[in-house]
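Residue numbers (this note's numbering): 6 to 486. Yeah, the Cβ is synthetic: ideal placement off N, Cα and C, and Gly gets one too. Keep in mind the model is a prediction, meaning the values are calculated, not measured.
Structure follows, in structure tokens:
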């Protein structure tokens, strides 16, 4: 029997507010443990939470970006469960009255567009963080993250493969980063995912029993965990076994999932309206104010890059998915209006350099002005593409502009035909056997000659001019033979 996966994702995005959702404590990451806390986020008796309006603003931005219906009346609820990193013994979340419902995004997988529904978006507070001692049966708790604002984005079970889940996850991450409501840092846990996965016989409509894969914090882990879980469930069902509804964790070392606990249902949490927080009433002017300040979203930007700059779809999509990257690209194009050349340089040397140094585009040591100046020198044939890469590496290391480095190292491209003719004739005279082979039909040796000439000139010769002069000299030798 063939089985079809049914996948839904629950994405938790930490919002980039300066303070927590119900108190004035800082949300800054990396502070010493338990220093960003107060009686409110620690759940001390007698304290009252006060909602941070910026959290609602950010939630509305996301809801509008994915075409959700905004609920004009919503409220917070208490989700009751005890865990050491949740000091109150309950989490303030939203349940029956979330702030946004019935949204969707369009993703493209294997050149096929798919509509993925979004069931709901709701606000809640994050829990603290436990660190487990590998040597002793001891866990340490850090409450700094307790009360950091989250939005939970719950998809419809519309995904049918790990690849689709990966594309959907990346697309949502690009949206929250574009909206500047979340930094999308999966390693730090500010953008993380729970995946619900079940199998059903192909051609049937009823859902199978699902397993929830908890706290997946990288695109790779999401896809690998889903692939493993599909195979695990398939083996059980093929042997006429039954899937147990449970929460499972992903072990990236052993590349397998393992059971964490039986999966709770909503009634297990004993949700009830939070008596300390007023309902949230959102009027039309509030929605219109948020909507008027929305930036251009990644999908619209990708289409514009394709139409306006004539970029290939894949490259346009890559640039548009990262707001810092797309801003850098457009700033560079304003100074050097050859977008295809800028795109090629950014996708190659620039991103390669950043990756090798573990940096992102916001941390690049080479400004868009310097890149535009470098590309202009290449375009004017002052330097070759090969020399430009050497100059760029030096720019990244020293912070010096391209012109300074070229002058200091004598890297100006050789375009004087007399000089090039002398060098070419010398190379040919030193490789008479190869010249003879070329004249006898081994035309691929032209690359060998060009390589020798570029080595002799330390890459400073104009390759097109070298090819032209080289072929003229060889043709003269051929005719004189």
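heavy atom of the ligand NAP below 6 angstroms from residue i C-beta
i	result
residue 188	You won't find the ligand NAP in this model; it holds no ligand whatsoever.
As assigned by DSSP and simplified to three states, the class of residue i
i	result
residue 266	strand
residue 226	helix
residue 82	strand
residue 463	coil
residue 343	coil
residue 233	helix
residue 99	coil
residue 299	coil
residue 408	helix
residue 207	coil
residue 31	strand
residue 450	helix
residue 87	coil
residue 8	strand
residue 164	strand
residue 40	coil
residue 427	helix
residue 24	strand
residue 212	coil
residue 193	coil
residue 352	helix
residue 67	helix
residue 170	helix
residue 53	coil
residue 186	coil
residue 244	coil
residue 313	helix
residue 45	coil
residue 456	helix
residue 369	coil
Residue environment, residue i, which counts as buried when at least 16 other CB atoms sit within 10 Å
i	result
residue 16	buried
residue 286	exposed
residue 191	buried
residue 133	buried
residue 137	exposed
residue 288	exposed
residue 245	exposed
residue 72	exposed
residue 53	exposed
residue 303	buried
residue 40	exposed
residue 212	exposed
residue 58	exposed
residue 51	exposed
residue 201	buried
residue 305	exposed
residue 515	Residue 515 lies beyond the range of the chain shown here (6 to 486); nothing can be said about it.
residue 233	buried
residue 501	Absent from the structure is residue 501, since the part of the chain shown begins at 6 and ends at 486.
residue 89	exposed
residue 143	exposed
residue 435	exposed
residue 98	buried
residue 12	buried
For residue i: DSSP bridge partner residues
i	result
residue 146	135
residue 199	15
residue 118	113
residue 127	157
residue 74	106
residue 261	256
residue 278	82
residue 285	79
First and last residue of the uninterrupted beta strand (DSSP E) at residue i
i	result
residue 219	216-221
residue 251	251-256
Opening and closing residue of the alpha helix (DSSP H) in which residue i lies
i	result
residue 374	373-384
residue 443	437-444
residue 397	390-403
residue 322	318-325
residue 360	356-361
Contact with chain D by residue i, beta-carbon distance below 7 angstroms
i	result
residue 9	Note that chain D does not occur in the displayed structure, where there is just one protein chain.
Whole-angstrom C-beta distance between residue j and residue i, which should lie under 8 angstroms
i	j	result
residue 205	residue 335	At roughly 46 angstroms, the Cβ-Cβ gap does not stay under 8 angstroms, so residue 205 and residue 335 are not in contact.
residue 466	residue 458	6 angstroms
residue 220	residue 199	7 angstroms
residue 214	residue 248	4 angstroms
residue 157	residue 127	6 angstroms
residue 186	residue 20	6 angstroms
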